[in-house]
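Residue numbers (our numbering): 113 to 445.
Even for Gly, the Cβ is constructed at its ideal location relative to N, Cα and C.
Here is the structure we will look at.
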């Protein structure tokens, strides 16, 4: 059973750690000032008589350094609150899926396929719908996204720390290690400038966009797997063919009609980077498959498609044949 106690626990943990760090860097008076502002804001939200005027005057009376301190503390606090709420959302969704099993949860891929079958569609009709499916998601360097990549990476690590703390089998020393990592990231977060010192160039925007590629290579196969599992569950008698319906695009480095800094050579370099990154990701997964697929022809009978393809590749690329010569001869995969 998921309740709000876990959310409150995470919020208190993060707030306590932040307070400790602020005390160490700025002194107890800084924490007291931020706490006062937060309490006044809470009173204003609760429509306490005179709270808005009191809050307005208190903020107006802050000097520049105090205003900077309050703004920074509250900004980080809201980021931490978002982390805690995100973690709680994950808990709720996981619990909901656990409770619904073997039925799919609402608004999921499984539920969608289930609804199609309930609406009277047969397997052939679903296959035709899949063949027409075309989803393209486009990434852009949105001007409202001012958060630096270094900040986002720290928040991601802290999010993982909260997930680790949820483990039931966590040993005391492991919990201490997680809390140490969490505090270290929060300390560095407090000591990091939140705003970029200068506007990023187009190629820097492209580079930042490429940072999401490794995650896409993990998530996209999970989407296709979820779809295939849902199809098998609802239409076990049919062998579905899944088209590559999910594609990605990017405005970064290609917005030739909307960004004066995007010249033809910038777009060319962007395309080269995208190509090289995609190749690198494929090679990484090929290496993982190489480590996994140790199937031997001495143990199982294999189809002829792959051996024929390998034979043709050896004729076309002699260096490839030399590479294969160093591999166990019967482990063709």
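- Straight through space, the alpha carbons of residue 135 and residue 170 are spaced by roughly 21 Å.
- With contacts defined as CB atoms closer than 8 Å, residue 391 and residue 315 fail to qualify as a contacting pair.
- Closest in C-alpha terms to residue 189, from the list 126, 163, 335 and 175, comes 126.
- The beta carbon of residue 162 sits closer than 6 Å to no other beta carbon from its chain once the five residues preceding and following it are set aside.
- Excluding the 5 residues flanking it on each side, residue 196 has same chain C-beta neighbours closer than 8 Å at 119, 122, 123, 126 and 274, in chain order.
- Take residue 253, set aside five residues on each side of it, and the residues of its chain with a beta-carbon closer than 6 Å to its own are 317 and 364, in chain order.
- Counting along the chain, residue 361 sits inside the beta strand (DSSP E) bounded by residues 358-362.
- If you draw a straight line from the Cα of residue 361 to the Cα of residue 349, it comes to about 36 Å.
- The three-state secondary structure of residue 298, taken from DSSP, is helix.
- Out of 351, 150 and 145, the CA that lies nearest to the CA of residue 177 is found in 145.
- Secondary structure note for residue 322: its alpha helix (DSSP H) is the uninterrupted segment 314-322.
- When Cβ pairs closer than 8 Å are counted between the two stretches, the stretch 210-230 is seen not to touch the stretch 320-327, the count staying below three.
- Around the beta carbon of residue 266, 16 or more other beta carbons sit within 10 angstroms, so the residue counts as buried.
- When the beta-carbon positions are compared, residue 270 and residue 294 come within less than 8 Å of each other.
- Residue 373 and residue 380 have their C-alpha atoms some 13 Å from each other.
- The shortest C-alpha to C-alpha distance from residue 440 to any of 366, 233, 281 and 410 is the one to 410.
- Judged by DSSP secondary structure, residue 248 falls within the beta strand (DSSP E) whose first and last residues are 247-251.
- Residue range 376-404 is occupied by the alpha helix (DSSP H) that includes residue 394.
- The alpha-carbon of residue 277 is positioned some 29 Å away from that of residue 151.
- Between the stretch 277-287 and the stretch 336-350, the count of Cβ pairs shorter than 8 Å is below three; the stretches do not touch.
- At the C-beta level, residue 355 and residue 174 stay beyond 8 Å of one another.
- Excluding residues up to 5 positions away in sequence, 346 lie with their Cβ nearer than 6 Å to the Cβ of residue 229 in the same chain.
- Rounded to whole angstroms, the separation of the alpha carbons of residue 182 and residue 334 is 42 Å.
- DSSP places residue 217 in the coil class of the three-state scheme, outside both helix and strand.
- Pairing residue 239 with residue 353 gives a Cβ-Cβ distance under 8 Å.
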